[in-house]
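Protein chains: 2
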Amino acid sequence: MPHLTDTELAALDAHWRAANYLAAGQIYLLDNPLLSRPLRPEDVKPRLLGHWGTTPGLNLVHTHLNRVIKERGLEALCVWGPGHGGPAVLANSWLEGSYTEAYPDITRDAAGMARLFRQFSFPGGVPSHVAPETPGSIHEGGELGYALSHAYGAAFDNPSLLVACVIGDGEAETGPLAASWHSNKFLDPVNDGAVLPILHLNGYKIANPAVLARLPEAELDQLLRGLGHEPLHVTGDEPLQVHLEMARAMDTALDRIAAFQHAARTSGALERPRWPLIVLRTPKGWTGPDRVDGVPVAGTWRAHQVPLAGVREDPRHLRQLEEWLRSYRPEVLFDAEGRPVPSVLAWVPEGDRRLGATPHANGGLLLRSLPVPPLERHAVKVGKPGSTLHEPTAVLGELLAEVMRSTEERRDFRLVGPDETASNRLQAVYDATGKAWQATTLPTDEHLDRHGRVMEILSEHTCQGWLEGYLLTGRHGLFSCYEAFVHIVDSMVNQHIKWLRISRRLPWRRPIASLNYLLTSHVWRQDHNGFSHQDPGFVDHVLNKSPEVVRVYLPPDTNTLLSVAEHVLHSRDYVNVIVAGKQPCYDWLDLDQARVHCARGAGIWEWAGTEDGSREPDVVLACAGDVPTQEVLAAAGLLRGRVPGLAVRVVNVVDIARLLPAEEHPHGMTDAEFDALFTRDRPVIFAYHGYPWLIHRLAYRRAAHRQLHVRGYKEVGTTTTPFDMVVGNDLDRYRLVMDVIDRVPGLGVRAAAVRQEMADVRTRHHEWIRQHGVDLPEVVQWRWEDRGAAKPSG
Amino acid sequence: MPHLTDTELAALDAHWRAANYLAAGQIYLLDNPLLSRPLRPEDVKPRLLGHWGTTPGLNLVHTHLNRVIKERGLEALCVWGPGHGGPAVLANSWLEGSYTEAYPDITRDAAGMARLFRQFSFPGGVPSHVAPETPGSIHEGGELGYALSHAYGAAFDNPSLLVACVIGDGEAETGPLAASWHSNKFLDPVNDGAVLPILHLNGYKIANPAVLARLPEAELDQLLRGLGHEPLHVTGDEPLQVHLEMARAMDTALDRIAAFQHAARTSGALERPRWPLIVLRTPKGWTGPDRVDGVPVAGTWRAHQVPLAGVREDPRHLRQLEEWLRSYRPEVLFDAEGRPVPSVLAWVPEGDRRLGATPHANGGLLLRSLPVPPLERHAVKVGKPGSTLHEPTAVLGELLAEVMRSTEERRDFRLVGPDETASNRLQAVYDATGKAWQATTLPTDEHLDRHGRVMEILSEHTCQGWLEGYLLTGRHGLFSCYEAFVHIVDSMVNQHIKWLRISRRLPWRRPIASLNYLLTSHVWRQDHNGFSHQDPGFVDHVLNKSPEVVRVYLPPDTNTLLSVAEHVLHSRDYVNVIVAGKQPCYDWLDLDQARVHCARGAGIWEWAGTEDGSREPDVVLACAGDVPTQEVLAAAGLLRGRVPGLAVRVVNVVDIARLLPAEEHPHGMTDAEFDALFTRDRPVIFAYHGYPWLIHRLAYRRAAHRQLHVRGYKEVGTTTTPFDMVVGNDLDRYRLVMDVIDRVPGLGVRAAAVRQEMADVRTRHHEWIRQHGVDLPEVVQWRWEDRGAAKPSG
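Those protein sequences? They're chains A and B, same order as listed.
Residues in the first sequence are numbered from 3 upward in steps of one, following my numbering.
Residues in the second sequence are numbered from 3 upward in steps of one, following my numbering.
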């Protein structure tokens, strides 16, 4: 047993009781916070909202983390998986004083306690869950599944940090959580901190038993050992006994962690540690009402939310609530002014060591500017547009390699992806760092590295969770993903965007590095993998979210990709989505042009069209995305040769939110700007990378919208050739020429013949590929001579 | 060791070699299928697409499943998790003849073999992955993670079925797969069939080692035992030895399964079986080229796709390919006409027992019409609209209970959800059946039932996978989910919609029951859980997908919900999304009216507006969703009292795809229909349940679109009151009245005063709730007297 004196034990218990009191008070009380007079119905909130069930367990964990932090001088962070137990984390933050530092009006006295209680789950107050508003948190407690991957993300490259992570038995059933256990095969005991999972089995979810809570203990232990952990059990409902067991388990766990780290850091031990894990079995709703209206509550699913629901109406409930609250003996926990007495605070750490005050949970405090190299070192040389080809992501890979090299000491940049870094052509990074891996290796393996900063696991959820945790604790990163399968993390990105939306408004939260997606292996080049791999809808998904957070870029070539990448890697508090190809792509813009174009976000490519500037164009060919850009440029060239005199304008859009009205998105254009690009009344044929109706949804308020015709992916896909994909979805250059002819009035019979010629090319190509299985080069290429412009620019 | 004679063993090996040959042939050959002459470059496809790595292992599994099916007379289905190994499953189907039955032109002879080879990953041919086109499959092999939940879904209520499930070591890293292991706590050995997981560890994913393949065997065994399985190991690269071990493992597994089922079914054994599982360790790309260009390929990540990539250009590669193909000795496996020789087919089962011919993989063959009771038994009585309130989902729960009762014997209907059935107010079903549960129970548990057909696990992924597997094998079901968190399965529903889109076009695939979502606990009533629980974007997500598959319904009250539910439960091959509230909701329509309204999908509610029919209305108030409908009706009432003479039309939309043009969706309206409802030129204020721009995206082509103003959820949320949620997003009745006044010309100063009155009410209410924490009843109610209509209808 640990070396706790009776006084020390009593102080732990006093802190825990104080936190329980403050948590229950938040759920119930509008007034009379110290119960200085008998409880009256009007002291109780008219609407009772909150989750009591998990709260006493969270308070126990917090109390005991305080002890080990203080005793060992630890730097620690806690991820509260059962974050719907918001009252617990708020209570602890108030007790340690970090809450008052963030919110000075919530003072650590009776008046502040009353405000703490009232604001909880109350209009104009704070959410019932752990949220950005909660000091010390990097983890919203609403949607479940991400606690452990967030914890590992926080621990990576933080060698002196302990990240405790409470995992509820409900959350443990989710897929993302189940996958993230294997994160321990990626944790480097030398350069990373430690993660201490605390599996809290209180037996029930909302209305059902939890699976892990109902396994025989031997089976559960096999599972946890098979997941690479050595479980330590804390079980009980008698507080003092549980305090002793918990203190012992914490000490054992931290001793083992320290020993593993010491061995790896001093003697270079290579064996993967079997990291400790605490299994905490305490009753749901522990210390709350045992029975209500004759049925059991504590220890059952009925304790999940509000154990006593009829307090304002039912005098027996009111009395039971008062008895419950008084059972914590608030009169000995708080002084007459409502301040916690010294013994309650005996184990509370000081300053930044407090869980509610750690800078790791307010990562912007620790964030350093990322050393992105000058783009000139990586930009491709461009002579005539379209006369050379590069793989955009491969060039980006070289830039990322340089970022990796220049952060070798700092270790604050990571690249994550589901086993696709090389497939996405970013393999140049392996010249600078390897792939994190702590499991067994074989001679045939390549690029595995115990200290690597490329993170690959075939779980988009784990990748996303790692990166979120890494960013939220003040570091930088990039997630590269097949475009179709990023939908796997739709719901996670929702939550991260919501987090950023709120945290941006909190003065005490400092900006963090943006969450950057590189979506490649995109819809137009999944001809080989087929229909299941074709989905460009993530852009639609994120554009439904808060415009102050979301940015979407579709760079059409290599240099524009570099320019966009530089921008997003320096940006803060955004979710940036970049869609870019990995296949050889024509180079259209040199670096200077690319920078100007990306800064504008959308612009006219004079050299690609046939305007002479003397009048409005007859038609606007607009494009967004690499493949649509190529098709639009080719269409412009076909029109130049075949419909002479037609004034074609080519507009390229990199930053898709530019299409939105200026009132609706910070990047949105004014109507004057929009009209200047797209005209007010000329036909606009827009070739877009994704679902065509997105463009309508963005541009419906514009004058040109009446004449806007959008081509894009309309869910026609299979295993075929790349060009057959664009033909199947009517995005190809020949179809675009036909669209122009169909929409520009007065082109006459000559144009009708051109239209027929285009239709014939499409038919012939279709027959060709059915026969030969590959695209016909002359149908799919582009040459400078084929461009639209009457005369070259510059 | 099993009782295999040398002849029997040789036949297994011959079948496996034949399948390997046919698989490699699909990846490589355009012609010369039997290698009847030396291989020439032009015999080889110009574009080599396919995944060889996993293929020999899948062929091994298929070969050995054949044996046990034939020997034991089993009814079996196999879910091929590594479905990118499409060539394997196609090869086996061709060998057993089921392929030719589905596709008569792919005959089981040399000509058919040539077509089988050519069509693979070729334009106009078949995808490289297992797909709907693949006989015997219920599982697309593109996105990974869902194999095991699909397998369990297939096994539920199929007591005589064995569902084998191959899980790749890559897929095993995904969250959905990791969660689905616990499905064994929900499998009833009495009424359900068996699932035999075969964990195929070939060591590598695309470019990385797989985590499970790199655990020490003892650690892996702990993990698998902790997941409730008893592992059986098959390891090797020497074919005959592996055949013997695999046969032994299969026999052991099936003997144990039979014993468990017998014990449960005859003597009522209650202990949860530790179901067998096979761990199959064979090299990636086994039997393919060992080394290519001097580097190791077989047994490494380089074997993932095409081991020899330069066959047409490099004579050494061509020679190596020919040697590889000839190593299977095709001349002894196929006769001169290219037919498999009898010994190759010795272990192939007959008729429906063949894995490619099982009706369970073409569930429509087994599907029976669902006995949905007459709605009259559950419909609520409605006198004057809005004079009573019901919880729509609670009433639906009673109907579902009756469906449960009437399928008690048939057992072909299940309800799935992530621990939310009661929270979503469907708890009436517990009167008819319990919640499936095979783990430990306690006295405080409720409604748990070893034989129950309500499926609850806190994993949306597992719920979705179970239901998909259940539906694809010919049964019925409903998934009830919190609206916000259904995004967790965005990517899964993508894949299911893609599956249905393709399978609908295959004449041999019979229609299956639709996948039905009931999304409740929706955005407007997550005021208590806060911002993290507020997301109405799933509708946007699915409406990007194939219109022939997707249907979205927003019933505004209880009887419309019943009518929609009846429709979707009888429908086939759709994904139906129903968004409906669980909170008390005004009853607007009686059952007859509800049926007519739902059949039309959208209609004018004369009784709610102030038109007299003599002229076009001055304004259209449109609504979709329960909360918007209530607000629109209240706004119409406010306008009646305050702006007399204003002709207001109220239009309610249940079936949101009605707004699309008829050419774009089977439910879309013609312009004439649309104009008849919404007018061509009057202001339309549309109160929509979700993101407002969705309505613009659906209606941008309509004449009325110029005058369309949409209110909806614009990502403004927190923990507050229900009415504050609508006010915060400008969807409330007072704001709608202001919108009308702002948009209808010529209403004069009186209307300006009304506008100010409305603004004042909003401000006062805001102050009230900040003070009191609850909504002011008179601000949020609705009364019949307050309706818009000048005179009551009917």
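Note that CB positions come from ideal geometry on N, CA and C, so glycine has one too.
Listed by chain order, chain E residues near residue i by CB distance under 7 Å
i, result
"Ala424/B", "Among the protein chains of the structure shown, namely A and B, there is no chain E."
Check whether residue i and residue j have beta carbons under 8 Å apart
i, j, result
"His698/A", "Leu710/A", "yes"
"Leu469/A", "Phe481/A", "yes"
"Leu372/A", "Phe415/A", "yes"
"Leu696/B", "Leu662/B", "no"
"Val495/A", "His463/A", "no"
"Thr522/B", "Lys584/B", "yes"
"Asp537/B", "Ala486/B", "yes"
"Ile658/A", "Val756/A", "no"
"Gly83/A", "Ser534/B", "no"
"Ala359/B", "Glu103/B", "yes"
"Asp788/A", "Ala637/A", "no"
Among the options, nearest to residue i - alpha-carbon criterion
i, options, result
"Trp510/A", "Ala209/A, Gly170/A and Asn364/A", "Asn364/A"
"Thr631/A", "Arg110/A, Glu568/A and Trp784/A", "Trp784/A"
"Arg735/B", "Arg684/B, Ser162/B, Leu640/B and Gly647/B", "Leu640/B"
"Gly454/A", "Leu225/A, Pro586/A, Leu368/A and Phe158/A", "Phe158/A"
"Tyr30/A", "Trp326/A, Ala166/A, Asp295/A and His152/A", "Trp326/A"
"Arg276/B", "Pro285/B, Gln307/B, His489/B and Gly230/B", "Gly230/B"
"Tyr715/A", "Asp726/A, Ala705/A, Ala706/A and Thr102/A", "Asp726/A"
"Leu97/B", "Asn160/B, Arg110/B, Gly85/B and Pro106/B", "Arg110/B"
"Trp607/A", "Ser616/A, Leu593/A, Leu623/A and Arg617/A", "Leu623/A"
"Asp683/A", "Thr722/A, Pro619/A and Trp303/A", "Pro619/A"
Chain-ordered chain B contacts of residue i [CB-CB under 7 Å]
i, result
"Trp695/A", "Arg699"
"Lys547/A", "Glu717"
"Lys437/A", "Asn210"
"Pro298/A", "Thr446"
Between the CA atoms of residue j and residue i - distance to the nearest angstrom
i, j, result
"Pro332/B", "Glu315/B", "25 Å"
"Asp451/A", "Thr443/A", "10 Å"
"Val297/A", "His543/B", "43 Å"
"His5/B", "Thr65/B", "17 Å"
"Lys793/A", "Val598/A", "The pLDDT assigned to Lys793/A is 44, lower than 50, so where the model puts this residue is not dependable, and the model offers no usable value."
"Gly270/A", "Leu92/A", "41 Å"
"Ser182/A", "Ala196/A", "15 Å"
"Ser795/B", "Asp677/B", "Any reading at Ser795/B must be qualified, since the residue scores a pLDDT of 37, below 50, and its modelled position is unreliable; the value itself is stated next. Using only the alpha carbons, I get a separation of about 23 Å."
"Leu778/B", "Leu563/B", "28 Å"
"Leu347/B", "Gln528/B", "60 Å"
Supposed close pair residue i, residue j - CB separation, criterion 8 Å
i, j, result
"Gly419/A", "Cys483/A", "6 Å"
"Asn578/B", "Asn654/B", "Wrong, their Cβ atoms sit about 19 Å apart, outside the cutoff."
"Asp354/B", "Pro344/B", "Not really, about 21 Å apart at Cβ, beyond 8 Å."
"Glu458/A", "Thr423/A", "6 Å"
"Val382/A", "Thr390/A", "7 Å"
Partners in chain A for residue i, counting only beta-carbon separations shorter than 7 Å
i, result
"Thr722/B", "Pro125"
"Lys187/B", "Val213"
beta-carbon residue i near the ligand PLP non-hydrogen atom, thresh 7 Å
i, result
"Gly358/A", "By its list of ligands, the structure shown contains no ligand whatsoever, and the ligand PLP lies outside what it can speak to."
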